[in-house]
Each structure stands twice: as structure tokens, then as C-alpha cells.
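Here is the structure we will look at, set down as C-alpha cells.
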Amino acid sequence: MFMVLKDLFDLPVETKKKNVGSRPFSGYVGRSQQSPLYESLGIEEPDLPSQVQAFTDLIWPNGNPRFCRTVKSMSKMMVELEQIIRKMIFESFGVEKKYYESSVNDTEYGIHFVKYDAPPNNETGVGARPHTDGGFISILNYSLPGLEVLSKENDQWLLVEPRQGTFTVFVADALKAWSNGRFHLATHKVTMRGKKNRYTYVMFAIPKDEAVIEAPKELVDKDHPLAFRPFKQMDFFRFYLTNSSPQDNALQSFAGI
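If you're matching positions, the sequence shown starts at 1 in UniProt numbering and goes up one per residue.
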């Protein structure tokens, strides 16, 4: 499963640069001074088999059936899992019949393939800096340790080991706002150690640009006053990318009441 990602990242940079997305970070992102160990590519709407095929044809004009088949299968699995989780969340709040279908219709998916290089000289390196995700739900599958989550008390980083046959799920900013603050937003990062490169599949469920993120009235009462003003995902995403405060405070800074 992760070998197809190794094959992808082993390609020349000029080939990988063909992957151009319609929004920031949805296409190829190369190593930078700020993130020297990080490299990623992405497919928008991977729930559509034609999109996965188009990406494969772009990167491998002569075809790569194994890659295409693997990513189609992984994308289908991760999208189905996201919708199961979303439905369970909505059911737990008693609002599934009223809001679930429209929520799914207002969602688009993106899959990112990420490579974290092993740090030089067997040192410890920063793979991804502390952050939260700007969408609704994020689902990860990764090959090696390195993912760390900040505890609720904000006093220690907890290592999330990879386990075969499992996925790691994160509540993202829009879901915390939708839930009127009932969910904890877990800040996370990637720390690289050892001599092996680390590969990750990440599926982002993201509200469409014009979708309005607003807590259902059923989740607002005297014990739970409105915590976030309604906002459009597009406006929040712009703020998320450009604000000068740490990204784990972006939601509160942008929409907190």
C-alpha cells in the first residue's frame, strides 16, 4: 500500500510539479526552508474514480494500474469511513435526519500523499509543525511512528503509533464550530526520527467554499451558548492561511464569540 507512494515520490520533481491544485496545498508542495523534510501531492475529489485516473495519467502517461487501483480503493474506503463517522456524530446529537444529507452535499474531499524524509545525521527533525486542520474531518493512514497529539491539558505530546488495519481520525476546525465547541480540537505535529522515510495518506473532508458553518439551533441552549459566529468556509480558509497567530488558535481568533 505504501510502496505505491514511494514510487510516486521517487519520480523527478519536474514530473511531480505537474500536479497543480485549484486551492493552496491541493497540488504538489515541495520541500522548503520552513519544512525541509516535507513533500506532498494531492487529488481533488478522489471519490470520483475519473479524478484518480486523471492524476495517474498526468503523472504516468504510459499508465500505472497498480497506483490507480490502490488509490481508488483507499479513497473509497476513507470517504465511506468519513461518512459513517459523520452520521454517527449527527445521530449522537439527534440531528441526523435534519442535517446529515445537506452536510454531505456541502462537502468536498481531497486526498494528500505525504512523504516525510528521514532527518540527516540520525537527528530529530520537524516533519510537520503543530497545527489543527481547517476542514471538517481528517482521516490518516501512515507507515511509521512520528505523529504526536497534544494532550487536553496542553502539557505533553502523546505519540500515536501506527496500527495495521486502523485509521487515525481528527476533528477539524469546522466540525468544532458546527458542534458549538462540544468537540476537542487536537493540535498535532509530526516529529521525524530514525533512518526511514515516512509515508502518509490523508483524506480531508472540507466544506465547500460557499458553505456556511453554523451550529444547529438544537446545539445551542442556556448551558451551551453560541460559541462561534456563522462563517463561510472560504473566508475561514483564507484567514487560516494568512493569520499571524498560531494556527491552533485560528478558529477562535476568526469566529469565536
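We put the beta carbon where it would ideally sit given N, CA and C, even for glycine.
Predicted model only: the values in this text are computed from it and were never measured.
- Secondary structure of residue 97 (DSSP, three-state): helix.
- The three-state reading of DSSP puts residue 243 in coil, since its state is none of H, G, I, E or B.
- Restricting attention to beta strand (DSSP E) runs no shorter than 3 residues, the UniProt domain "Fe2OG dioxygenase" (107-207) encloses them at 107-116, 125-131, 137-142, 147-150, 157-159, 168-171, 188-192, 198-207, ordered along the chain.
- With three or more CB-CB distances shorter than 8 Å, the stretch 204-218 counts as touching the stretch 169-183.
- By the CB criterion at 9 Å, residue 35 and residue 129 fall inside the cutoff.
- In the same chain as residue 231, and ignoring 5 residues on each side of it, the C-beta atoms closer than 6 Å to its own belong to 213, 255, in chain order.
- Between residue 72 and residue 133, the alpha-carbon positions lie close to 23 Å from each other.
- Judged by DSSP secondary structure, residue 41 falls outside any alpha helix (DSSP H) and instead within the beta strand (DSSP E) spanning 38-44.
- Buried is the label assigned to residue 27, since at least 16 other Cβ atoms lie within 10 Å of its Cβ.
- Per the C-alpha coordinates, the member of 116, 257, 195, 211 positioned closest to residue 189 is 116.
- Annotated three-state conformation of residue 213 is strand, per DSSP.
- Rounded to the nearest angstrom, the Cβ distance from residue 40 to residue 113 is 6 Å, consistent with a contact under 8 Å.
- The beta carbons of residue 208 and residue 118 sit about 37 Å from each other, so the pair does not count as a contact at 8 Å.
- When DSSP states are grouped into helix, strand and coil, residue 220 belongs to the coil group.
- Assignment of beta-bridge partners to residue 29 by DSSP yields 40.
- Less than 9 Å separates the beta-carbon of residue 44 from that of residue 109.
- Restricting attention to alpha helix (DSSP H) runs no shorter than 4 residues, the stretch 42-84 encloses them at 49-59, ordered along the chain.
- By the Cβ-count criterion, residue 166 is exposed, with fewer than 16 other Cβ atoms from all chains shown falling within 10 Å of its own Cβ.
- With contact defined as three or more Cβ pairs closer than 8 Å, the stretch 46-62 and the stretch 144-158 are not in contact.
- Of 140, 75, 159, the smallest CA-CA separation from residue 148 is found for 159.
- Annotation for residue 7: the continuous alpha helix (DSSP H) segment containing it runs 3-9.
- With fewer than 16 other beta carbons inside 10 angstroms of its own, residue 58 counts as exposed.
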